[in-house]
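Before any comments, here is the structure.
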Amino acid sequence: MKKYVCPRCGREIEAMEHREIGLCSQCVAELTSLQYKSSVSVEFCPRCGFCPMYGMKFEDLEEVVHQMVMHLLEGRNVEFDIERRSENFFRVHGKVVDRIEEVETEKMFDFFVKFVPKVCDVCSRKAGGYYEAIIQIRSPSREKCLQAETLVKDMISSESDRMAFITKRVDVRGGIDIFIGSKKIAKKVCSRVVSEMGGSVKTSATLVGKKDGKDVYRVTYSLRLPLFARGDVVEWKGRTYVITNVGEKISLTPIEGGKIVVLPLDERLDVIGNVGDVVEVQVLSSDESAIEVMHPHTYETVWIRKNEDVRDRAVVLLTKKGLIHIPNKFV
Numbered sequence: 023m024k025k026y027v028c029p030r031c032g033r034e035i036e037a038m039e040h041r042e043i044g045l046c047s048q049c050v051a052e053l054t055s056l057q058y059k060s061s062v063s064v065e066f067c068p069r070c071g072f073c074p075m076y077g078m079k080f081e082d083l084e085e086v087v088h089q090m091v092m093h094l095l096e097g098r099n100v101e102f103d104i105e106r107r108s109e110n111f112f113r114v115h116g117k118v119v120d121r122i123e124e125v126e127t128e129k130m131f132d133f134f135v136k137f138v139p140k141v142c143d144v145c146s147r148k149a150g151g152y153y154e155a156i157i158q159i160r161s162p163s164r165e166k167c168l169q170a171e172t173l174v175k176d177m178i179s180s181e182s183d184r185m186a187f188i189t190k191r192v193d194v195r196g197g198i199d200i201f202i203g204s205k206k207i208a209k210k211v212c213s214r215v216v217s218e219m220g221g222s223v224k225t226s227a228t229l230v231g232k233k234d235g236k237d238v239y240r241v242t243y244s245l246r247l248p249l250f251a252r253g254d255v256v257e258w259k260g261r262t263y264v265i266t267n268v269g270e271k272i273s274l275t276p277i278e279g280g281k282i283v284v285l286p287l288d289e290r291l292d293v294i295g296n297v298g299d300v301v302e303v304q305v306l307s308s309d310e311s312a313i314e315v316m317h318p319h320t321y322e323t324v325w326i327r328k329n330e331d332v333r334d335r336a337v338v339l340l341t342k343k344g345l346i347h348i349p350n351k352f353v
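Remember, my numbering sits 22 above the position in the sequence shown when you count from 1.
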């Protein structure tokens with residue numbers, strides 16, 4: 023009797039069972055095998071949608087089922103339907119189409135997925151009031167405190183770290199206290215706030231216990247925000263300045279040019295505007311010390327002090343004390 027050799031495994035066989043494919047039965051079975059359980063149980067958090075199996079959150083449980091099928095049959099041509107039998111119970115049925123040596127083979131599959139609700143560790147910590155850090159926002163200006171709080175919330179909501187959550191916030195005299203799930207995230211947030219709003223941050227730590235033989239600390243970040251911000255136009259001792267830096271001190275640069283003045287954060291300054299509100303106007307005429315422009319609101323022509331050489335256009339700021347010519351370097 024004529025014998026055949028399978029070109030894939032080299033086995034000698036009595037007959038070529040799958041002549042159209044040109045392989046032995048064992049190789050065809052290996053190439054088209056489909057292994058799965060008839061029923062699968064999957065844990066998920068009913069509060070946040072976190073699924074430990076994939077280490078991520080899902081908006082809908084059907085997304086988890088879809089992910090499961092695609093992972094199980096990765097790289098294969100699959101057609102399937104997901105049937106929701108109840109809130110946490112799904113049936114998946116479909117087929118896998120394999121192509122071997124230009125010949126298609128089909129295998130059907132059918133299994134069930136049961137989701138088991140279990141509150142995740144992060145949600146358990148939230149519910150228990152867990153926090154690793156406190157951000158103490160302080161400023162003479164209530165508006166600045168609220169602005170910083172908004173920035174903190176926006177940053178935390180955009181973080182992928184699951185410990186980036188706010189346990190609570192408390193209004194206190196002079197500011198706001200925000201309790202954060204992660205001290206690493208709290209530190210990152212404070213750096214961003216200081217970078218955008220100025221001010222300073224001081225850190226202190228309190229020993230709260232031990233974990234795995236190591237000391238565990240809770241960190242407090244004292245975020246001190248100034249009454250002023252970069253770009254504010256202020257008057258001080260009869261001269262007009264732009265605040266060019268805010269840290270542990272305030273740096274003022276004269277509008278008309280000159281040396282930078284450095285002052286403490288609690289210095290009394292009269293804020294008359296911000297360079298973010300400037301408008302560009304047509305210069306009608308000029309001399310050595312002044313320019314004539316059209317008022318952007320009243321459309322009347324006015325002469326104002328010239329703080330840098332200009333041609334046909336100038337940048338001005340409308341303040342409570344009238345128009346001020348702002349040099350381009352501040353804009």
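C-beta atoms are modelled at their ideal positions from N, C-alpha and C, and glycine is treated no differently.
Beta-carbon proximity check, residue i vs residue j, cutoff 8 Å
i      : j      : result
ALA208 : VAL241 : yes
SER213 : ALA186 : no
ILE356 : GLU289 : For residue 356 there is no data in the structure shown, the boundaries of the chain being 23 and 353.
PHE102 : ILE156 : no
GLY221 : LEU245 : yes
VAL215 : VAL174 : yes
VAL100 : VAL91  : yes
ARG184 : VAL144 : yes
CYS17  : CYS28  : Here the chain has residues from 23 to 353 only, and residue 17 is not among them.
LEU247 : ARG160 : yes
GLU330 : PRO349 : yes
Paired residues, beta bridge with residue i - DSSP
i      : result
MET78  : CYS73
GLU65  : VAL138
LYS224 : SER244
MET316 : THR323
GLU101 : LYS117
ASN296 : ASP254
ARG160 : GLY197, ARG246
VAL305 : VAL315
ALA170 : None, per the DSSP bridge assignment.
LYS344 : Note on residue identity: the sequence assigns Gly, not Lys, to residue 344. DSSP lists THR341 as partners of GLY344.
VAL192 : ASP199
THR262 : GLU257
GLY231 : VAL238
ARG106 : PHE112
LEU285 : ILE272
Rounded C-alpha distance that separates residue i from residue j
i      : j      : result
GLU310 : THR341 : 23 Å
GLY86  : PHE80  : A small fix is needed here, since residue 86 is Val in this sequence, not Gly. Between VAL86 and PHE80, the C-alpha separation is close to 7 Å.
GLY344 : THR225 : 43 Å
ASP254 : ASN296 : 4 Å
VAL238 : GLY298 : 44 Å
ARG147 : GLY231 : 16 Å
GLU128 : LEU94  : 16 Å
GLY77  : VAL64  : 12 Å
VAL305 : ARG335 : 5 Å
GLY116 : VAL62  : 16 Å
TYR243 : ILE346 : 39 Å
GLU302 : PRO286 : 33 Å
ARG98  : ASP176 : 41 Å
LYS233 : GLU154 : 13 Å
LYS259 : LYS281 : 14 Å
GLY235 : ALA149 : 26 Å
GLN158 : GLY151 : 17 Å
PHE72  : GLU181 : 15 Å
LEU274 : SER308 : 27 Å
VAL324 : ILE294 : 19 Å
Presumed contact (8 Å Cβ cut-off) between residue i and residue j, rounded CB distance
i      : j      : result
VAL118 : PHE134 : So it is not a contact: roughly 18 Å between Cβ atoms.
PHE352 : LEU291 : Rounded, the Cβ-Cβ distance is 16 Å, inconsistent with contact.
ILE188 : ILE178 : 6 Å
ARG327 : ALA312 : 6 Å
VAL338 : VAL283 : Not confirmed; about 23 Å, so no contact.
GLU84  : ARG106 : 7 Å
ILE104 : PHE111 : With 8 Å as the limit, ILE104 and PHE111 do not qualify as a contact, their Cβ atoms being about 11 Å apart.
Contact between the stretch 263-274 and the stretch 312-320 (3+ Cβ pairs under 8 Å): Contact between the stretch 263-274 and the stretch 312-320 is absent, because fewer than three Cβ pairs lie under 8 Å.
Does the contact criterion of 3 or more C-beta pairs under 8 Å hold for the stretch 161-176 versus the stretch 137-144? Per the Cβ contact rule, the stretch 161-176 is not in contact with the stretch 137-144 (fewer than 3 Cβ pairs under 8 Å).
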